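Add 631 to the 1-based position in the sequence shown for our numbering, that's all there is to it.
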Amino acid sequence: MSSNFDNIDNQERFWEDHAIKSIPTRFLKGISSFSGVSSVKSSITEFAKPINVYLENIKKSTDICMILPVFSKIFMDSIYEALIDHEGHLDLLTTKTIYDLIVKSDSENYFKALVRDKKIDYYIVEDISNIFFTVSDIFASIFLFYDDSVFDNSEMLLVDGESGIEDAYRFYNSYKKYILK
632 MSSNFDNIDN QERFWEDHAI KSIPTRFLKG ISSFSGVSSV KSSITEFAKP INVYLENIKK
692 STDICMILPV FSKIFMDSIY EALIDHEGHL DLLTTKTIYD LIVKSDSENY FKALVRDKKI
752 DYYIVEDISN IFFTVSDIFA SIFLFYDDSV FDNSEMLLVD GESGIEDAYR FYNSYKKYIL
812 K
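Rendered as structure tokens:
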């Protein structure tokens, strides 16, 4: 249990700077138990570092699970690329609003084709926590929001290593079961 709090303490600034009220306490505890967590931050010389690290990792991924409360065409295009290049699969939890944005921006119809080919399973929920969470066979990541509900793409928690990724898959499956009940 103390290692859970050590993980939170090591990333204390990340948690303090973001809104976490929408994340149920039991899931915050789950996140705190992830091993192999590091913070990736933007800097003056690398203002898009978290996004670049995310995109590099997602493009190498095969089995992707995602809690998606925000829309980014850049992220979605990279996910499509990974699914196509690696014969991958995406399990997606999102809202109707985000789903509609995904479909509207999909001029190449990748999303529909990948759903038809059973490469994407998606679940539309009424409300979702303000956590952009991804776990794959390569990495896991967490982006949060500020108190004013603005998405923060300047800092990301990155989880790597087999043990941390296993923890992240368990978290995703537990959250999915909770949100779909």
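The beta carbon of each residue, even a glycine, is placed where N, CA and C say it ideally should be. This one's a predicted model, so the numbers in the text were calculated from it and none came from an experiment.
- Unbroken beta strand (DSSP E) runs of no fewer than 3 residues, entirely contained in the segment 737-787, are found at 751-756, 762-766, 771-775, following chain order.
- Per DSSP, Leu-714 has no beta bridge partner at all.
- Looking at the DSSP output, Ser-669 sits in a beta bridge with Leu-789.
- One alpha carbon belongs to Leu-811, the other to Asn-804, and they sit about 11 angstroms apart.
- Between the segment 698-711 and the segment 727-738, the count of C-beta pairs closer than 8 angstroms reaches three or more; the two stretches touch.
- A Cβ-Cβ distance of about 6 angstroms is found for the pair Ser-772 and Leu-789, placing them in contact under the 8 angstroms criterion.
- Here the alpha carbon of Asn-784 sits roughly 12 angstroms from the alpha carbon of Phe-645.
- Within the same chain, Ala-650 come within 6 angstroms of Asp-778 by CB-CB distance, once the 5 residues on both sides are set aside.
- Inter-segment contact for the segment 761-769 and the segment 793-801 is present: three or more beta-carbon pairs are separated by less than 8 angstroms.
- A contact between stretches requires three or more CB pairs, one per stretch, nearer than 8 angstroms, and the segment 655-665 fails this requirement with the segment 737-752.
- In the three-state reduction of the DSSP assignment, Thr-726 falls in the strand class.
- Within the model, the alpha-carbon separation for Tyr-685 versus Val-734 is close to 22 angstroms.
- The closest CA to that of Phe-774, considering only Phe-706, Thr-676, Ser-692, is found on Phe-706.
- In this chain, the beta strand (DSSP E) harbouring Ile-695 covers 694-699.
- For Leu-721, DSSP records a beta bridge to Ile-695, Ile-751.
- If you look at Ile-682, you'll find it in the alpha helix (DSSP H) that goes 680-689.
- Spanning the alpha carbons of Glu-677 and Val-671 requires a straight line of approximately 11 angstroms.
- DSSP places Ser-663 in the uninterrupted alpha helix (DSSP H) bounded by 656-663.
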